[in-house]
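The listed protein sequences correspond, in order, to chains S and V. Residues 1 to 674, numbered by our numbering, are exactly what the first sequence covers, in order. Residues 1001 to 1674, numbered by our numbering, are exactly what the second sequence covers, in order. Note that CB positions come from ideal geometry on N, CA and C, so glycine has one too.
Number of protein chains: 2
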Amino acid sequence: MHPLKGKHDPRSRVFADLTQDEYTQVQRYMERQKDLDISTKQNTLPSENFLFMIDLSVPNKAAVLAYLDGKGPKPERQATVVVFFGKRGYIKEYLVGPLPQPTYHRDVTQERYQMDLPISKRLVTVGEYNLLFSFMLKEVFNKIGVIVEESFGEKCCDGFEQMPRGVRSGDRTTWMSFFRSMDGMYVHPVGFEVQFNHQSLNMSQWSVERVFYNGHYFDSVDHLVTAYNEGKVPKIVYKPTPDYASLKPRSKPLQVGPLQFNLEGSRYSVDNNHVLYLDWSFAFGLSSASGMRVFDVRFKGERIVYELSVQEAMSVYGSVTPGMIVTKFLDASIGIGRFAHELTRGVDCPYQATYVDTYRYIDVDQPIRFRNSICIFEHNMGQPLRRHFADFYHHSYGGMVNSALVVRTITAIGNYDYMWDFIFYQSGSVEAKVHATGYISSSYLVNGSLRHGHQVAENVLGNIHTHFINFKVDLDIVGVKNVFQTKDMEFVNVSLPWMPEHYAMVPHLVENQLNTEQEAALRYDTKTPRYLHIASPKTNRWGHQRSYRLQVVSFTGEHLPESQPEEKSMSWARYKVAITKHKDLERTSSSLYSQNDMWSPAVDFSKYIADNESIENEDLVAWITTGFLHIPHAEDIPNTVTVGNGGGVVLRPHNYFDEDPSINSADGVSIIPG
Amino acid sequence: MHPLKGKHDPRSRVFADLTQDEYTQVQRYMERQKDLDISTKQNTLPSENFLFMIDLSVPNKAAVLAYLDGKGPKPERQATVVVFFGKRGYIKEYLVGPLPQPTYHRDVTQERYQMDLPISKRLVTVGEYNLLFSFMLKEVFNKIGVIVEESFGEKCCDGFEQMPRGVRSGDRTTWMSFFRSMDGMYVHPVGFEVQFNHQSLNMSQWSVERVFYNGHYFDSVDHLVTAYNEGKVPKIVYKPTPDYASLKPRSKPLQVGPLQFNLEGSRYSVDNNHVLYLDWSFAFGLSSASGMRVFDVRFKGERIVYELSVQEAMSVYGSVTPGMIVTKFLDASIGIGRFAHELTRGVDCPYQATYVDTYRYIDVDQPIRFRNSICIFEHNMGQPLRRHFADFYHHSYGGMVNSALVVRTITAIGNYDYMWDFIFYQSGSVEAKVHATGYISSSYLVNGSLRHGHQVAENVLGNIHTHFINFKVDLDIVGVKNVFQTKDMEFVNVSLPWMPEHYAMVPHLVENQLNTEQEAALRYDTKTPRYLHIASPKTNRWGHQRSYRLQVVSFTGEHLPESQPEEKSMSWARYKVAITKHKDLERTSSSLYSQNDMWSPAVDFSKYIADNESIENEDLVAWITTGFLHIPHAEDIPNTVTVGNGGGVVLRPHNYFDEDPSINSADGVSIIPG
Ligand SMILES: [Ca+2]
Ligand SMILES: [Ca+2]
Ligand SMILES: [Ca+2]
Ligand SMILES: [Ca+2]
Ligand SMILES: [Cu+2]
Ligand SMILES: [Cu+2]
């Protein structure tokens, strides 16, 4: 008695990430374009032309909807190809198609970004890192052997970059902080940081701009060495450091904890990128840049969500040390999905989960398989989804356990690991959740450090920082023509009908419809209505507009003031919720090119709402910001725990149905005394 | 290899609820006090003296701590006995001891409430309900047979009371709303409400005050009948109603969902009221009035929480119908713990949970056993507690699944079922969580109804209401002398040390200590610091004050304006967090007697902070308010689901330890490529 309802829909492949073969075909096609003069070697120099990334280009929504709904042809399958033209000084994005045998490429850079992308906006590639590390060895470490030995010890040094790389467009001056080469290097700073100028595409013009040692600044490595030798800078005296950041268990496994099993097999089915789970169906994928996403989420065959996707994970740090004082990480500009590595069975996801491989092509010379990098499982939450025990008048019990489907990736971007969950409940809710774990970013303790955090180990400051996460939520409630509604309560003084001389404050329902993008851009620093809805003009059986409510769970800190020139690159974080009119050219709230030019970002989300379009009976997209303020503390060593360190949004039916759909679940239980 | 650490401590019995025998002994003792003239029959008349409740009286904290810490004798075991003296016009609370063979009783009413408790503050007993129902039958239903038949049908009628019972002290005029006698009657209103005046202890003086039928008011049942017969009131025409509130499954069980098992046995141990779980130990209990609580919560033997307890569950409703227009429920005045009924295995808690029986004595004639009314289980949350995947420089993986211990009761108070969870994590966090499920309270749809909610069924309005929940959190961080600290971030414009002409806004840590009760009463309607800590003056290894952070998760609506005379009975709800100096006489934020005299409540929490005592290096208690605004919608039929409908508080170590204690767990996993 298999409960699968519905069938896998091969049309969902329209959202499928590229296959290994497709990546290869696109790579070959690009290599064949001799006029483009593109290298696909991983070690390509910055001064050459490099095929940086190949990723699925999801077709335009109208074409996809027509196809999915049987009203249009299958849209052509296309890839986005990102090329860093070092020889020509710019970045280009191409649409390449049709897959699997491409015959054309089209430059879509201007169309997508309304600007040219100078080469200075590019990500740092493996090719550039290799140069940077050899430069660093030659220009820094080869000159400070004595200091390394006396101050940092034998485990010196792994570098960790701080970003942005400067203070204005075009800058590529990176502060590199150095850490002991141990497990969890991120919490083993040695007190040494170097600023490299690697702006030129030609390494011969690179330079060491500044050096920071034990709280003191030097204009060059030589100045540091001289000051050190002359005793003009207080010395860091190396002593061996305990291995406090190691994750090796300190005790042997004892009795195992509780484990979950699907005794009668799993109740969901995964076919390629399509999932069926009880009344749910959806497609899933993983963008190398922005991360996990699902499309065409349906309940009982009716589409509720067109797209739910991770957009960005941003952090702003506070410090007195030079790298971190300006650190503002935009992970989607490094690549979130690209760091979705193998999940560990029984820890990252349950043993019996379904593990899915993904393939990616980013900063490599061939497509790479990431084994078991997405997991899908049904989880018994250990609590009722609903229940009632009656002992007034009637004696009965009815209830149902909360078993829900979870789709998860965990992306380890340097120090941090973000766990991304999309959860599908039998009551018709979908939850998007993120939790942070992994290592905090830390700095060497110097004068003034404690204004920016707490000491968490010997000479180590855990620096205060924010976590802001952005999700794109493209709900389509009974079609694409929707409105944005708010609901809240208000006390009104009313006279009691049976004793009119007596007044009482009585809660009233206050409903509003917000009709323009700017009205519907709900800032974090203002009071917003408690209920936010994407609603259809169509009504349910009781005459109420069918809607889904967006319930945001968030513990964010302060957003960077808009006065700061970097703020434009993260302007989505101003808003707890912002609603825009859907546009195929407004796909993401961030971009691959934002981190390395925060001052003139390729995507400035605030522009999406600057034109203040009508959002009345339009295809609406909600951009949800969540996150938390992180003031690190001793218990962040070795790793931040997930408990309490997260946020998310629950998409909840609100008069969408005529009753709770879970009443139809076969999991319901009722007990009536005999 | 059993992982239990530590031993059960029989001293934890100091917190144990009374045994069946102890209740009986106290009952017998009270019956023997002839001068008190107390009846223990369940059907005792309001005009007589009735032994309403027997409950554990937890000894004063200083005595308990001395005993627990081996520095004092075992405190005498005592019961609180509540007697409704109908013959004398007052309520008394007695301390009766020593158990199990009482020899004394002491009137503690004045000491506990600083007021006499007039009999009008009493709860409505089974004895009074029986009279009320017979009065209702005689004075109402026997007179409206035709209306019942034509308007309400054969399933008429079960009554559901609205509260408060009037508008000023001494009032006992209860609006009773009538519902079809079907499963989930609460969402089957018939459009008929009657206000009874049962203020007198003598039923012969009771009266029907007002009648409400289909939106119209009448001064008496006779007036309604006349108007009805003369066609002067629009008639409700009965038609059979679908059984939409039934919880009977509509489909047969199919394939079972995932189930959790303790393959090697459970990793916790329950001995009487004492629990051991890995590094945790604690005592638990259930107050008939306020509900679930734990005491003496220790991690690795060190006490962190002296008491964590449910205090109150309050709701304020909006309606145009007469009962609900003023409805403000204070569940602890009806009894929260008293409604902790049997939990259903596999739905309310996992199959393999430990189920504990409880015994209670409230509005009965003998102690009652409630089978399986608390459950305790370890749950695999299906996600890592922490993890890191390293592929920069180092290639390794370390992580640990999040298995935690849950202690749960579910209290079904009339329509609503609240699920109360206390969760103990291996990272040293404790979470208190509440979710609501069960039936919404509803009203018959009349003119103006839609200003107060949404229609959820034929002629049925789901009324807007608030859920406010109060927890008492008595943390003792390294002893009882603690301070209340706040931490937050602030952007400060600083000049970059290596380019002083360039300024940037940099996050700074802002720490404050709030030293008086009024400073530390953090109102819901004001901006409060993001981190709230109960801290010790003692420091951890890194020199920071050891503390636990209170992370409140809340979606509350508006609190009743303080201008309203009923607000005093729920003044705790003004504050997201309020900190008081611990007092044995300030045990609870609400009382058994608040509901029936909201205008002069036996406990007004705001008085605890009115004296504005110093909270610097004192024994501190945090009173936490959470909850959510509930705008009912079609999906609340038949039951509200738990997903998204909850709130709580996480107590998190923040520099309490020197590192994350979960690093010592035997559940840790590490993978290092060979
Ligand atoms: Ca726009
Ligand atoms: Ca939409
Ligand atoms: Ca006080
Ligand atoms: Ca305390
Ligand atoms: Cu963090
Ligand atoms: Cu509710």
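Put simply, the CB of Ala62(S) is far from chain V, with every gap to its CB atoms at 8 Å or more. Contacts between Glu1264(V) and chain S, judged by CB atoms closer than 8 Å, involve Gln255, Val256 in chain order. Relative to ligand 5, Ile440(S) has its C-beta within less than 7 Å of a heavy atom.
Within the model, the alpha-carbon separation for His630(S) versus Leu560(S) is close to 15 Å. In its chain, beyond the 5 residues on either side, Pro46 have a beta carbon closer than 6 Å to the beta carbon of Glu128(S). Within the segment 1413 to 1457 of chain V, the runs of beta strand (DSSP E) at least 3 residues long that lie entirely inside it are, in chain order, 1416 to 1424, 1430 to 1438, 1442 to 1444, 1453 to 1457. Residue pairing from DSSP places Cys1156(V) in a beta bridge opposite Arg1180(V). With distances taken between CA atoms, Asn1459(V) lies nearest to Ser1151(V) out of Glu1342(V), Ser1590(V), Ser1151(V). In the three-state reduction of the DSSP assignment, Arg1541(V) falls in the coil class. Pro350(S) belongs to the set of residues whose beta carbon lies under 8 Å from a beta carbon in chain V. For His105(S), the closest Cβ of chain V is not nearer than 8 Å. The beta carbons of Ser1441(V) and Tyr1317(V) sit closer together than 8 Å. As a beta-bridge residue in DSSP terms, Lys1472(V) pairs with Ser1309(V), Trp1623(V). For the segment 381 to 402 of chain S, the set of residues with a beta-carbon nearer than 9 Å to any beta-carbon of chain V comprises Met381, Gly382, Gln383, Pro384, Leu385, Arg386, Arg387, His388, Phe389, Ala390, Asp391, Phe392, Tyr393, His394, Ser396, Tyr397, Gly398, Gly399, Met400, Val401, Asn402, in chain order. Using a Cβ-Cβ cut-off of 7 Å, Asp1183(V) is close to His394, Ser396 of chain S, given in chain order. Assignment of Val577(S) by DSSP, reduced to helix, strand and coil, places it in the strand class.
Going by C-alpha positions, His1394(V) is about 12 Å away from Ser246(S). The secondary-structure analysis by DSSP pairs Ile362(S) across a beta bridge with Met53(S). When rounded, the separation of the alpha-carbon atoms in Gly462(S) and Thr1024(V) is 58 Å.
Within chain V, the residues Glu1558, Leu1560, Pro1561 have their CB atoms less than 8 Å from the CB of Phe491(S), given in chain order. Secondary structure within the segment 1260 to 1293 of chain V: the beta strand (DSSP E) runs of 3 or more consecutive residues, fully enclosed, are 1268 to 1271, 1274 to 1277, 1280 to 1287 (chain order).
Around the C-beta of Glu1031(V), fewer than 16 other C-beta atoms lie within 10 Å, and the residue is accordingly described as exposed.
At a cut-off of 8 Å between C-beta atoms, Lys1005(V) does not count as an interface residue with respect to chain S.
A distance below 6 Å between beta-carbons, with the five flanking residues on each side excluded, links Gln199(S) to the following residues of its chain, in chain order: Arg172. In this structure, Ile1624(V) places its C-beta atom within 8 Å of the C-beta atom of Phe1471(V).
A straight-line Cα-Cα distance of about 54 Å links Lys1138(V) and Leu1475(V). At a beta-carbon threshold of 7 Å, none of the residues of chain V lie near Gly301(S); the nearest stands roughly 17 Å away.
With contacts defined as CB atoms closer than 8 Å, Arg549(S) and Asn540(S) fail to qualify as a contacting pair. Nearest to Val553(S) by C-alpha distance, out of Ile671(S), Gly648(S), Gly265(S), is Gly648(S). The C-beta of Glu230(S) has fewer than 16 other C-beta atoms within 10 Å across all chains shown, which makes the residue exposed. Here DSSP, grouped into helix, strand and coil, assigns Thr486(S) to strand. Under a criterion of Cβ atoms nearer than 8 Å, the residues of chain S adjacent to Trp1542(V) are, in order, His454, Gln455, Val456, Ala457, Ala634. Cβ neighbours of Asp488(S) within its own chain (closer than 7 Å, five residues either side excluded): Val510, Pro529, Arg530, Tyr531.
Between ligand 2 and the CB of Val480(S), the shortest heavy atom gap is smaller than 7 Å. Contacts between Asn1655(V) and chain S, judged by CB atoms closer than 7 Å, involve His454, His633, Ala634 in chain order.
The continuous stretches of beta strand (DSSP E) do not include Gly318(S), and DSSP gives it neither H nor E.
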